[in-house]
Each structure stands twice: as structure tokens, then as C-alpha cells.
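To convert, count from 1 in the sequence shown and add 137; that's the numbering used here.
Glycine residues also receive a C-beta, built at the ideal position from the N, C-alpha and C atoms.
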Amino acid sequence: MSTAKVAITLDENLLKRLDRLVKNRLFENRSRAIQEAVSEKLARLERNRLARECAQLERKFEQSMAEEGLLV
138 MSTAKVAITL
148 DENLLKRLDR
158 LVKNRLFENR
168 SRAIQEAVSE
178 KLARLERNRL
188 ARECAQLERK
198 FEQSMAEEGL
208 LV
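Now the structure itself:
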């Protein structure tokens with residue numbers, strides 16, 4: 138996996154909290170902590186989007202389409 142450098146700005150209080158996690162060895166460094174946080178947030182957003190899309194499906198229509206596919 139290739140990586141790219143980016144610059145970000147963080148609130149000082151947030152940075153102190155992040156540094157505490159690194160100091161306590163929950164993460165090897167700031168970059169790793171931020172990578173994991175961004176990755177988790179993106180995964181959560183994708184799951185929420187999928188859940189919203191599934192909620193919009195019409196159950197009876199989807200069931201009939203599935204059954205039709207089994208008959209072909």
C-alpha cells in the first residue's frame with residue numbers, strides 16, 4: 138500500500154489527547170493514530186450509507202425479484 142503525506146490542523150486539546158494515546162503506546166505514532174481514526178470513520182459512514190439504502194428497499198418487490206431469479 139502506498140502512502141501520501143498530508144498536512145492537517147488539529148485543535149490543541151485534541152492533539153494533547155492524541156499525544157497521550159501515543160505516549161501510552163496505544164499507537165506507535167501520531168500518523169498511525171490518525172490513519173486508524175480516519176479509516177474507522179470512513180468505514181462507519183459507508184455502513185450507515187448501506188443501511189440507509191437497505192431501509193429504502195421495498196421488501197415485497199425485492200422478494201419477488203429474488204424468487205424470479207430462482208425460477209430462471
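{"query": "Rounded C-alpha distance that separates Ser201 from Leu182", "result": "30 Å"}
{"query": "Val143 to Arg167 span [Cα, whole Å]", "result": "13 Å"}
{"query": "Rounded straight-line distance, which links the Cα of Glu204 to that of Leu147", "result": "52 Å"}
{"query": "Alpha carbon of Glu298 to alpha carbon of Arg157, nearest angstrom", "result": "The structure shown has nothing for residue 298, since the chain only spans 138 to 209."}
{"query": "Leu163: first and last residue of the uninterrupted alpha helix (DSSP H) it sits in", "result": "Segment: none, Leu163 is in no alpha helix (DSSP H) and carries neither H nor E."}
{"query": "Between the CA atoms of Glu199 and Lys178 - distance to the nearest angstrom", "result": "30 Å"}
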